[in-house]
DNA sequence: CAAATTTTTGACCGGATGGACAAACGTTAG
DNA sequence: CTAACGTTTGTCCATCCGGTCAAAAATTTG
C-alpha cells in the first residue's frame, strides 16, 4: 500500500518535526491556500530553500499533517466499546472528544478547513476508513438500544451531534469566546461545556416533574 | 454610521447581484484567500476588469457578502421569544436553523470559513451585536428555567450546541454524506437529522423506564 | 442624429509565491 | 587531513494574482 519509509538521519527527523509543528500552526489558521511556504519556514526558524530540502512541495507537508491527524483524531471513537455501561461509555467518549478540542484545536481546525473545502484530498478516506469505523460503532450502539440501555434513536446522527458539539469549541473558539465575554470565556469554558454536554446528551431538556 | 447608499442604475443592481451570487459560490468553497477574482468573474460571466468596475476590491465583495449573510443568519435567533410554549419555541428554533443549513449551505460555509480563520473581519460584530443578541435570549431562556418550564442548564452552551449541530449539516456536508453512504445520505438526511435533534434536545438519551 | 454618459475589454504592472539550482558551509569517516 | 556526504543559503525564475488604465463599445440623453 505505502512506499517503504525512507531512512532518515536524526537531524532529518528533528527538522521534519519542527516543520510540521510550524506548518500545523500556519495551515490551521490560514488554510492550505492562504498559507505560504515563507510563513512556515519563518515559523520553523529556517530559510525557504532549507525547508524545501526536507519537504519538496507544500502539498507534501499538508498531506503528512493530515495523515497523522486522522490517526489520533479517530482515537476516541475507536476506544468506544461495549464492555462497560453504555451511558458511561458515551460520557467518556464525549469527554475525550472535548478534551481533544481543548488540547488540539489546531488539528481540529486543519480538519475543518479540509472538509469545508469539499475534502478534495481525503475523500477516499472518509468513504472508506471513517465510514466503516462509524458502521462498526453504530452496531454497538444499536445493541445498546435493543437491550434498552439507551433510548432508541438514530445512532449515526448521534455520532454527528457529538462531533459537532465538541469540535465546535475548537473550530468556533473565537466566536465562543466573543459571545461568552471575558468573564465566562476564560479557561473554565471547557468545564462548563463538559457539564452542559453531559446533561444534554444524558438527560435532555425536558423536566422530569412535568410542569408544562 | 454608514455612508449614504450610492444611487445605482438598474444594470448596476443586477450585475452586482450576479457578482455576489458568483462570489458566494467561490468564497464559500475556497475561502477568501483561496478565491481569485478571475474565478468569480468567470462564474459571473464577465471579464475581471468588468467585475472590478462594480466592486473596486476583492475585499469589498467579501464584506458585502458577510454583511448580508449576518442579517439573515441571525433571523431565527431573533424570532425566539417567550410568548409561546418554551419547548415549542426551542423546537421551531432548531428546525429553522436546520432549514437554513439545508437551504443556505454556502452562507453557512462562508461564515464558518471566516470564524475558522479567527474572524479577522467581523470580530467587532461578534463582540457587539451577536453577543448582545445572545444575552437577550439567554435572559428569556433563564426565565423559562426559573419557571420550571425547562430543565436548568447553561443557556449559552445550549445555544452553542444548537448552532453546532445544525450548522454541521451544512459545513461538514461532504463528511456527513460520505459516512451515511448513498442510501442514507440522500435528500432524506435532513429529515432524519431533524427527528434526531428534536429528540436529543427535548428528551435526552436516558430511557424513562430505568433499565440500567 | 450627436453629444454625453455608462459599460466592457485588452493590455499591462508590480508584488507575491511556489519552486529550482548551484555554490557554500558543516560534519563525519577513513 | 581530506574526501564524501549531508545541510544551508542567496539568487533566480515562471506563474499567478490583485488591481490600473486607456480606449473601444454600448447605452442614454438632449
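Protein chains in written order, with my numbering: chain A, 1 to 212; chain B, 1 to 212. Ideal placement from N, C-alpha and C gives every residue a C-beta, glycine not left out. This one's a predicted model, so the numbers in the text were calculated from it and none came from an experiment.
query                                                                                                                                                                                  : result
Nearest chain A C-beta to residue 153 of chain B closer than 8 Å, yes or no?                                                                                                           : yes
To the nearest angstrom, report how far apart residue 39 of chain B and residue 135 of chain A are at their CA atoms.                                                                  : 39 Å
For residue 190 of chain B, collect the residues of the same chain with a Cβ closer than 6 Å to its Cβ; drop the 5 residues on either side in sequence, then sort them by chain order. : 102
Give me the subset of the region 4-37 of chain A whose CB atoms are less than 7 Å from a CB atom of chain B, sorted by chain position.                                                 : 29, 30, 31, 33 and 34
Cβ of residue 156 of chain B within 8 Å of Cβ of residue 184 of chain A?                                                                                                               : yes
Just the chain A side, please: which residues come within less than 7 Å of residue 160 of chain B by C-beta, in chain order?                                                           : 168 and 176
Within the chosen definition, does the region 92-110 of chain B reach the region 95-110 of chain A through at least 3 CB pairs nearer than 8 Å?                                        : no
At what residues does the alpha helix (DSSP H) containing residue 149 of chain A begin and finish?                                                                                     : No alpha helix (DSSP H) holds residue 149 of chain A; DSSP gives it neither H nor E.
Determine the direct distance from the alpha carbon of residue 203 of chain B to that of residue 203 of chain A, and round the result to whole angstroms.                              : 7 Å
For the alpha helix (DSSP H) containing residue 176 of chain A, list its first residue and its last residue.                                                                           : 173-184
Output needed for residue 23 of chain A: all residues of its chain with C-beta closer than 7 Å, excluding positions within five of it in sequence on either side, in chain order.      : 40, 61 and 65
Express the C-alpha separation of residue 120 of chain A and residue 25 of chain B in angstroms, rounding to a whole number.                                                           : 16 Å
Three or more C-beta pairs under 8 Å: does that hold for the region 166-178 of chain A against the region 93-100 of chain A?                                                           : yes
Does residue 76 of chain B come out as helix, strand or coil in the three-state DSSP assignment?                                                                                       : helix
For residue 13 of chain A, is the classification buried or exposed, using 16 other Cβ atoms within 10 angstroms of its Cβ as the cut-off for buried?                                   : exposed
Could you confirm whether any beta carbon from chain B is found closer than 8 Å to the beta carbon of residue 156 of chain A?                                                          : yes
Please name the residues in the region 90-114 of chain B whose beta-carbon is closer than 7 Å to at least one beta-carbon of chain A, in chain order.                                  : 109, 112 and 113
Could you check what DSSP says for residue 120 of chain A in three-state terms: helix, strand or coil?                                                                                 : coil
So, using beta-carbon positions, are residue 150 of chain B and residue 76 of chain B closer together than 8 Å?                                                                        : no
Does the beta-carbon of residue 11 of chain B have 16 or more other beta-carbons within 10 angstroms, so that it is buried, or is it exposed?                                          : exposed
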